[in-house]
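Residue numbers (our numbering): 329 to 750.
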């Protein structure tokens, strides 16, 4: 009997089509006459198009560079190859460069076959996971970032028995002139209107944690409420985050840190864990990562960079494991499967006012917070940097033994600025 061999690769093409039309009311908007001794005619402009298509940092399959054609209304991504356990990810902006508000009147997505759905998923959402819905409003002068994700299952038993070529995965967005019934999309995060309060260090004086900040600007310590669990509520009590800095190399993405420690199910203020109890400081945060919220607990967020290089505090990619500082080990590229990650030493260094970190720190809570940064050279075994417990009203960093010290895990999320109200 001839054995059927399951193939673990296939090729496909993605086509996104933007159909933008003007309804009957357009003619009435093309001119405005002001009667005050002079006549003024102002021309309205309709311009909705694709722009700025980028390959996502989580892409692991073979990919082709995208092309935008047909006056910015068609995006084509061709000759993409995937094997089991890989994915391709693209981001593209839908831009309303005109002076007329647009409304999404319809969207059409091609369907995979029942067989293909066993090993392949194809999603088009706002970046990150927010669904695209009919009647979504795209106001004049604004844009929305769209995320295209195709994932090939890592279960090889589900793979097809012959090489597959999927000629077209299409997704069409139909925009028309909005006449007042468009619905503004709910953003992931909005600037807080009230601040959490408590004490700082050994002081008994009550202070505010973080600041409200300045509209249109971001500064470390700015407080935000983010609907990470997707229930439609910006819960100021349990969904409080603080802006830290911009994501390295990605200026349109903000790095925000949670107000307390977590577990895989969400907030867990008293929780503590090792960095890597069964591993080493050069194996990545095996235990610490298990205490980060899952994508089920926080479905509305995800990491723009799921896989990234771990660096030491000097920006290098090696770390000493023992008191013998002449022996170093290479640091890995670590992949998070969670909705959040750990803060890094470099990101901590960009905080200009770290007083917001006093919240839920020390006392009944953990007296250190893990950073995903092993120490380059040390007199301590298995040394990993952590934010140290507040003493004398000062917060600083200190290396701890990653396999024997219990520190808190404070989740960090990566949020596109277009998904924030600030």
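Beta carbons: idealized from backbone N, C-alpha and C, even for Gly.
| query | result |
| --- | --- |
| Give the range of the beta strand (DSSP E) segment to which residue 421 is assigned. | 415–424 |
| Where does residue 700 fall in DSSP's three states? | strand |
| Enumerate in chain order the residues of its own chain whose CB-to-CB distance from residue 455 is below 6 Å, with the five nearest sequence positions on each side excluded. | 419, 473, 475, 744 |
| If you draw a straight line from the C-alpha of residue 649 to the C-alpha of residue 736, how long is it? | 22 Å |
| Would you say residue 552 and residue 519 are within 9 Å of each other, going by their C-beta atoms? | yes |
| Just the C-alpha distance for residue 711 and residue 661, rounded to the nearest angstrom, thanks. | 18 Å |
| Residues in the same chain with beta-carbon distance under 7 Å from residue 630, minus the five sequence neighbours each way, listed in chain order, please. | 456, 457, 623, 667 |
| What did DSSP end up calling residue 547 once you bin it into helix, strand or coil? | coil |
| Does the distance from the C-beta atom of residue 641 to that of residue 701 stay below 9 Å? | yes |
| Check each candidate in 695, 433, 373 and name the one with the smallest Cα separation from residue 724. | 695 |
| What does the alpha-carbon distance come out to for the pair residue 400 and residue 690? | 54 Å |
| Give the straight-line distance between the Cα atoms of residue 411 and residue 535, rounded to the nearest whole angstrom. | 54 Å |
| Beta-carbon within less than 7 Å of residue 470's beta-carbon, same chain only, minus the 5 sequence neighbours each way: which residues are those? | 424 |
| Going straight from the alpha carbon of residue 626 to that of residue 687, what length do you get? | 21 Å |
| Would you kindly work out how many angstroms separate the C-alpha atoms of residue 540 and residue 522, rounded to a whole number? | 7 Å |
| Grouping DSSP H, G and I as helix and E and B as strand, with all else coil, what is residue 745? | helix |
| Just to confirm my understanding: we take residue 395, look at its own chain, exclude 5 residues before and 5 after, and list those with CB closer than 6 Å. What are they? | 404 |
| According to DSSP, simplified to helix, strand and coil, what is residue 738? | coil |
| What is the residue span of the alpha helix (DSSP H) that residue 692 lies within? | Per DSSP, residue 692 belongs to no alpha helix (DSSP H) and is neither H nor E. |
| When we look at the beta-carbon of residue 726 and count the other beta-carbons within 10 Å, is it buried (16 or more) or exposed? | exposed |
| Assuming residue 628 contacts residue 550 (C-beta within less than 8 Å), just tell me the rounded distance between them. | With a Cβ gap of about 20 Å, residue 628 and residue 550 do not count as contacting. |
| Residues in its own chain within less than 7 Å of residue 468 by CB, not counting five upstream and five downstream? | 424, 426, 427, 428, 429 |
| How would you label residue 459, buried or exposed, when you count the other beta carbons within 10 angstroms and need 16 or more for buried? | exposed |
| Mapping the DSSP letters down to three states, classify residue 525 as helix, strand or coil. | strand |
| If we ignore side chains and look at the alpha-carbon of each, how far apart do residue 669 and residue 598 end up? | 18 Å |
| Apart from the five residues just before and just after residue 816, which ones in its own chain have a Cβ nearer than 7 Å to its Cβ? | Residue coverage of the chain in this structure runs from 329 to 750, which leaves residue 816 outside it and unanswerable. |
| Is DSSP giving residue 357 helix, strand or coil here? | For residue 357, the predicted structure reports a pLDDT of 34, less than 50, and the residue's modelled location is therefore unreliable. A value from the coordinates is still provided. The answer is helix: DSSP assigns residue 357 an H, G or I state. |
| Name the one or two DSSP bridge partners that residue 531 has. | BP columns for residue 531 are empty, so no partner. |
| When DSSP labels each residue in this structure, what does residue 684 get in the three-state scheme? | helix |
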